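S.K.: Chains as they are written, first to last, in this note's numbering: chain V, 566 to 952; chain X, 10 to 298; chain A, 1384 to 1708. The beta-carbon is built from N, C-alpha and C at its ideal position, and this holds for glycine as well. Model, not experiment: these values are computed from the prediction.
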Amino acid sequence: MKIPHIVLLSSVLAAGGGAQAQDTLTLGALVTLSGAGAAWGQGMKNAAEIAADQVNKAGGLDVGGRKYQVKVVAYDDKYQANEAVTVANRLVFEDKVKYIIGPVGSAPVLAIQPITEKNRVIVMTLGFTAKALSEDKPYTFRPNVTTAEVSQPQIDWLVRTQGIKKVGALFPNDETGQQIAQDLEAAYKKAGAKLPVKEFFERDRVDFVPLLTRMLARGIDAIELDGNSPATAGMIVKQARELGYAGKIVRTGGPATQEIVNVAGKAATQGMFVHTPIDPELPSTKAYMDLYAARYKHSMNGFSPAFYDGANLLFEAMRRAGTVDDTEKVRAELERISGFEGALGRLGWTGKAMYGIDHQLDAPFYVAEVQDGKEVIRARCTVEGCR
Amino acid sequence: MDWTFLATQATVNGLIVGLLYLLMAVGFTLVFGVMRMVNFAHGEFYMLGAFGAYFLVSGAQLPFMAAVAITFAGALAGGALLEWGVLKPFRRDELNGMIATIGLAMILQNLALMFFGPDPLSMPPVAEGVTRLGKAVVPTARLYVVVFACAVLALLYGFLRFSRPGRALRAVVEDMEIAAIQGIRSRLYYPLGFGLGAGLAAVAGALMAPLFSVSPFVGGAPLLKAFIVVILGGLGSIPGAAVAAMLLGLVESYASLLLAGSTADMLIFAIVMAMLVLRPKGLLGRGEA
Amino acid sequence: MTTLALAARPGGRVGPLGMAGLVLLAALAALPWFSGAFVQHLAVLVCLNAVMVSGLALVARCGQLSLGHAAFVAIGAYASVLAARHWGLSFLPAMLLGALASALVALLLGWAILRLRGVYFVLVTFAFGELLRLALLDGAALTGGANGIAGIGAAQVFGFAFDTRERFYGLALAAALLSLWMLHALFRRPLGHAMDALADNPALAESTGLNVHRIQLLAFVAGCALAAAAGALQSRYIGYVSPESFNTSVSIGFIIMLVIGGRRSVWGPLVGAMVLTPLPELFRGAVQTQHIFYGAALIVILRFLPDGLASLPRRARQLWSRDAA
């Protein structure tokens, strides 16, 4: 009597197991989870997790006739190039992942590319440096727009509609700050204004009064906040207003409005012009924000939707290529995707003119004015221009 | 550019910031004077003070001064306890004690990270708006902090000068052995000295929490400033720290005016190194190098 | 007290326990060649760290603690990379140049500051470390600024390229063993004994005719040169240098490795590197717990085992012989 039971049980299990035979697809998340940049890293990791969850709930990722449960494995690179290399080693050689979301920083992505490119691992990075994308790095993609894409159209619009002539800006003394300083200076010049006052400071500085004093004395009519972490930007706004500065404040990149308002207060931020990559009115974006808020308690960082779209683009590319293992095929399909409807809107790839390869996501973005602590969209933009 | 205005503004900025630096540094120099120990965890006590003020004001809705007082008491007790519990074996051992405080700092910072997360929190300001001193503009909130800082320093001075424990502490700073002969028990004064140093650091953190944001990482800058002030002024000398802090504030302010930001930073480090090489005692210090 | 904690006994013969230890170590050293790429990566890092911390150990043996050690690693890395890039030097000459540059800087700096004792020396080295980092960040034209220098070629010696992990591990292992052997040889000589005497009681040492300043300077220069050589190696392995990889927390990491491994033993740096380098991998999920562990371990070791883990065998032997006696 026992034996037939066991036979019955095991055959039921085998049958059940066979019908649900699930493979696993592991997505690596090489992101900054501590220190500066943690907010961005968290947003990216959470985006990957939400995308994975959605796909798993629908029964798994259906590729080439097999269903895959998507798992996200995340490690902290502490925004340091050396750590990123160790983590990349672990992800690629121990965890055997072929797809990586991250890193956040420019130095980390440059450091890991020798490993990922050689081993044909597709990387979706936030790194702002222009060197991250190039023809000889066919496996690196960037789903978020950077200063290089957004600044010119926005600055053109700002100079045109707000009459800005002389701009001052503070930048942290790291690779992102230096890169953005360069890009912005060129953009303002092209738009017909000037960025003559640039100050670099040590990343953990909190007292900007001396630097601001120097800046304000040069008679600027706008302060540019791009390149600064959200908390630092908030400090700058607060201290500038405390010094009695009444001119315009703009931030042409790096979504951070909520944090800035938290630090500086509604009065100080009234009338600020900011870049925002998301239009909360857009149904697809709102849907993602709701998903995020339901699952995570803290507010969503503005880069998160871009990486949600990045993960989904990866999944779509795998579906079209019919394989999760042959990254050469997946990559080819990924490049071909255009007109994809993501959380941010209609997406395609661009960037050949600037980087030599179309691996930069072309997504719409907006210029918003801060009214009473909230963003009100004033202009809609693409890389072509703002309206 | 109106140079007189700039110079006045820079001077005012420099003096205010100098006073803030003094507040940050005075606890550090006291601990070194009493225990000949370089306390690498100094910045973390500052950070804990900032969090203390944040939670008491934003969470428990206490008035600001009450929050600062409670934070001070808490840090005093906590510091004394830590000294007695963890640092006692290192009382005569400068180098190892210093390394132990590095370990302590790591523990404190990461505990804060675990419990409070990495994101900066912001406190409502103590006062809004600006005050004008002649042509120069001073944010009123900073003026408040300056006034409170002066009050704290005056209290400290009174304590050290006129109270028995204070005088005993000064005796210990002057000469440990003679103080012991006079009957001052070092077993009591080590924890007291350390606790007081921690308390002062925490008060500095609490006072400055509304000015700058509050996060587990805010301790690095005060530690650095304290180092610099105390090296320039002389380890163990509070008047030296006062002079050095004001000078540091002014030099930084003027340097930021005239030089690029990072050059000003490098200049400060170069000055510190030069001071250590040419006059290790500092401006008014007493220690042997 | 000069102690070769693990192997030696009075008379310099290696006892049976020591033999067993060495055999174990040899097995451990050979292991990475039979493991996956990630283990090899960790093994390379352990060896490089061992060399860097050995440099720090040299300085510490004379009684001084450097909080700017990472700066000298940086000098070695940047100098060798720039020499290779701009003057076409091949790996070995470039590495030697890096070590030389670092030695020169250490000579100038040390000559001025080594007479400072204890905390003052620590603070000056800290200031120097920060100064160098800021200079690297600012000198974008030469150093690439915050972006650093990427695409550094693999190390090549007489045409043999160390471009795979297995090969590089061999090189790193050789470097680690070489530095260990150098330290061992040094501390059996009179000069090494002089250094230890210095650490224990400088005044007494000076009264016996030792030139304290000169010996400390020698140790400082040698220690920094060693660190620089390791830096040059590291730059070839990772293929990338940037100023943020050489900041104060890296220097603190070296101090932690040295203290936990053992300041008085030749094996200390290796033990410290072996214990602490792979640890972050165990803690990958919980970064804060890892750091709390470091801090606690530091305090515990300082309190109960001030000569570090490498002194455990000696302590055990002492306890055992005391029981037996």
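1. For X/I193, which residues of its own chain have a beta-carbon under 7 Å away from its beta-carbon, when the five flanking residues on both sides are left out?
2. Are the beta-carbon atoms belonging to V/A695 and V/Y920 less than 8 Å from one another?
3. Measuring straight from C-alpha to C-alpha, what distance separates A/D1378 and A/L1616?
4. Please state whether the Cβ-Cβ distance between A/A1420 and A/R1571 is less than 8 Å.
5. Drop a sphere of 10 angstroms on the beta-carbon of V/K763, count the other beta-carbons inside from all chains shown, and report buried for 16 or more, exposed for fewer.
6. With a threshold of 7 Å on Cβ separation, who are the neighbours of X/T140 within its own chain once the five nearest residues in sequence on each side are excluded?
7. Consider the Cβ of A/F1349: report whether some Cβ of chain V lies at a distance smaller than 8 Å.
8. Would you list, in chain order, the members of the stretch 643-659 of chain V that have their beta-carbon closer than 7 Å to a beta-carbon of chain A?
9. Is X/A253 closer than 8 Å to X/L292 when the C-beta atoms are compared?
10. Mapping the DSSP letters down to three states, classify X/A298 as helix, strand or coil.
11. What are the residues that DSSP puts in a beta bridge with V/C951?
12. Where in the stretch 759-830 of chain V do unbroken runs of the alpha helix (DSSP H), each at least 4 residues long, occur, reported from the N-terminal end onward?
13. Which term fits V/E700, buried or exposed, when burial requires 16 or more other beta carbons within 10 angstroms of its beta carbon?
14. Opposite V/M689 in the DSSP bridges: which residues?
15. Could you name each continuous beta strand (DSSP E) segment of 3 residues or more that falls completely within the stretch 593-673 of chain V, going from the start of the chain to the end?
16. By the criterion of Cβ-Cβ separation under 7 Å, what are the contact partners of A/R1686 in chain X?
17. I need the DSSP call for X/R101, collapsed to helix, strand or coil.
18. Can you name the residues of chain A whose CB is closer than 7 Å to the CB of V/S671?
19. Measure the alpha-carbon distance for V/A649 versus V/N827 and round it to whole angstroms.
20. Looking at A/G1691 and A/R1646, is the spacing between their C-beta atoms short of 8 Å?
21. Please name the residue, chosen from V/G692, V/M837 and V/R779, that lies closest to V/P761 on a Cα-to-Cα basis.
22. What are the boundary residues of the beta strand (DSSP E) that includes V/K731?
23. In this structure, does DSSP put X/T173 in helix, strand or coil?
24. Counting contacts by CB-CB distance shorter than 8 Å, is A/M1384 in contact with chain X?
25. Would you say the stretch 69-84 of chain X touches the stretch 13-31 of chain X, given that touching needs at least three Cβ pairs under 8 Å?
26. Could you work out which residues of chain V lie near A/G1622, taking near to mean beta carbons separated by less than 8 Å?
27. Can you have a look at X/G187 and say buried or exposed, based on whether 16 or more other CB atoms are within 10 angstroms of its CB?
28. For V/A933, which beta-bridge partners are listed by DSSP?
29. Measure the C-alpha to C-alpha separation of V/T822 and V/V839 and round it to an integer number of angstroms.
30. State the Cα-Cα distance for the pair V/A613 and X/G228, rounded to the nearest angstrom.
31. Are A/F1511 and A/L1448 closer than 8 Å when you measure CB to CB?
32. Return helix, strand or coil for V/A928, following the three-state DSSP convention.
33. Against chain A, with Cβ distances strictly below 8 Å, would V/S794 count as a contact?
34. Let me confirm a value: X/I190 is counted as buried when at least 16 other C-beta atoms fall within 10 Å, else exposed. Which label applies?
35. With 8 Å set as the bound, which would you pick, yes or no: does the beta-carbon of V/D641 sit closer than that to a beta-carbon of chain A?
36. Determine the chain V residues that contact A/S1625 at a beta-carbon separation under 7 Å, and present them in chain order.
M.R.: In short, the structure shows the following:
1. Here residue 193 of chain X refers to the residue found at position 184 of the second sequence. Excluding residues within five positions, the ones whose Cβ falls inside 7 Å are A177, A180 and V181.
2. Within the first sequence, the letter at position 130 stands for residue 695 of chain V. Within the first sequence, the letter at position 355 stands for residue 920 of chain V. A contact, by the Cβ cut-off of 8 Å.
3. With chain A covering 1384 to 1708 only, the question about residue 1378 of chain A has no answer from this structure.
4. Looking up residue 1420 of chain A in the third sequence gives position 37. Looking up residue 1571 of chain A in the third sequence gives position 188. Cβ distance not < 8 Å, so A/A1420 and A/R1571 don't count as in contact.
5. The sequence position of residue 763 of chain V within the first sequence is 198, counting from 1. Label assigned to V/K763: buried.
6. Working through the second sequence from its first residue, we reach residue 140 of chain X at position 131. These residues qualify, in order along the chain: V147, T149 and L152.
7. Missing from the structure shown is residue 1349 of chain A; chain A here goes from 1384 to 1708 and no further.
8. Q645, A646, N647, V650, T651, N654, R655, F658 and E659
9. Against the second sequence, residue 292 of chain X aligns to sequence position 283. Against the second sequence, residue 253 of chain X aligns to sequence position 244. For X/L292 and X/A253, yes; Cβs fall inside 8 Å.
10. Within the second sequence, numbered from 1, the residue matching residue 298 of chain X stands at position 289. For X/A298, the predicted model reports a pLDDT of 38, less than 50, meaning its position is unreliable; a value from the coordinates is still stated below. Note: X/A298 maps to coil in three-state DSSP.
11. Mapped onto the first sequence, residue 951 of chain V falls at position 386. DSSP, once it has assigned bridges, lists V/C946 as partnering V/C951.
12. 774-782, 795-807 and 822-829
13. Along the first sequence, one-based indexing puts residue 700 of chain V at 135. Exposed, by the Cβ-count rule.
14. In the first sequence, the residue the question calls residue 689 of chain V occupies position 124. Bridge partners of V/M689: V/I666 and V/F706.
15. 626-628, 631-641 and 664-666
16. The residue given as residue 1686 of chain A occupies position 303 in the third sequence. Neighbours of A/R1686 on chain X, chain order: P98.
17. Within the second sequence, residue 101 of chain X is the residue found at index 92, counting from 1. In this structure, X/R101 counts as coil in the three-state DSSP scheme.
18. As a first step, residue 671 of chain V must be located in the first sequence, where it is residue number 106. Per Cβ cutoff of 7 Å: N1530.
19. The sequence position of residue 649 of chain V within the first sequence is 84, counting from 1. The sequence position of residue 827 of chain V within the first sequence is 262, counting from 1. The alpha-carbon atoms of V/A649 and V/N827 are separated by roughly 31 Å.
20. Residue numbering aside, residue 1646 of chain A sits at position 263 when the third sequence is read from its first letter. Residue numbering aside, residue 1691 of chain A sits at position 308 when the third sequence is read from its first letter. A contact, by the Cβ cut-off of 8 Å.
21. Here the question's residue 761 of chain V lines up with position 196 in the first sequence. It is V/R779 whose Cα lies nearest to the Cα of V/P761.
22. Taking the first residue of the first sequence as position 1, residue 731 of chain V is located at position 166. Start and end: K731 to P737.
23. Taking the second sequence and counting its residues from 1, one reaches residue 173 of chain X at position 164. For clarity, residue 173 of chain X is Arg in the given sequence; the question names Thr instead. DSSP places X/R173 in helix when its eight states are reduced to three.
24. Here residue 1384 of chain A refers to the residue found at position 1 of the third sequence. In this prediction, A/M1384 has a pLDDT of 41, which is less than 50 and means its spatial position is unreliable; what the coordinates show is noted afterwards. No, A/M1384 lies away from the interface with chain X (no Cβ there is under 8 Å from its Cβ).
25. no
26. Here residue 1622 of chain A corresponds to residue number 239 of the third sequence, with the count starting at 1. By Cβ distance, chain V contributes A676 and P679.
27. The residue given as residue 187 of chain X occupies position 178 in the second sequence. One point to set straight first is that residue 187 of chain X is Ile, not Gly, in the sequence displayed. Exposed, by the Cβ-count rule.
28. Position 368 of the first sequence, counted from the start, is the residue given in the question as residue 933 of chain V. V/A933 is bridged to V/V839 and V/I942.
29. The count along the first sequence starts at 1 and reaches residue 822 of chain V at position 257. The count along the first sequence starts at 1 and reaches residue 839 of chain V at position 274. Taking the straight line joining both Cα atoms gives about 7 Å.
30. The residue you call residue 613 of chain V lines up with position 48 of the first sequence. The residue you call residue 228 of chain X lines up with position 219 of the second sequence. Cα to Cα, the separation comes out at about 33 Å.
31. Along the third sequence, one-based indexing puts residue 1511 of chain A at 128. Along the third sequence, one-based indexing puts residue 1448 of chain A at 65. Cβ atoms of A/F1511 and A/L1448: not closer than 8 Å.
32. Mapped onto the first sequence, residue 928 of chain V falls at position 363. DSSP places V/A928 in coil when its eight states are reduced to three.
33. Stepping through the first sequence from its first residue, residue 794 of chain V is reached at position 229. No, its Cβ sits nowhere closer than 8 Å to a Cβ of chain A.
34. Your numbering for residue 190 of chain X matches position 181 in the second sequence. With fewer than 16 Cβ atoms within 10 Å of its Cβ, X/I190 is classed as exposed.
35. Here residue 641 of chain V refers to the residue found at position 76 of the first sequence. Closer than 8 Å to some Cβ of chain A, the Cβ of V/D641 qualifies, so yes.
36. Within the third sequence, numbered from 1, the residue matching residue 1625 of chain A stands at position 242. Ordered by position in chain V, the residues that pass the 7 Å Cβ test against A/S1625 are A646 and A672.
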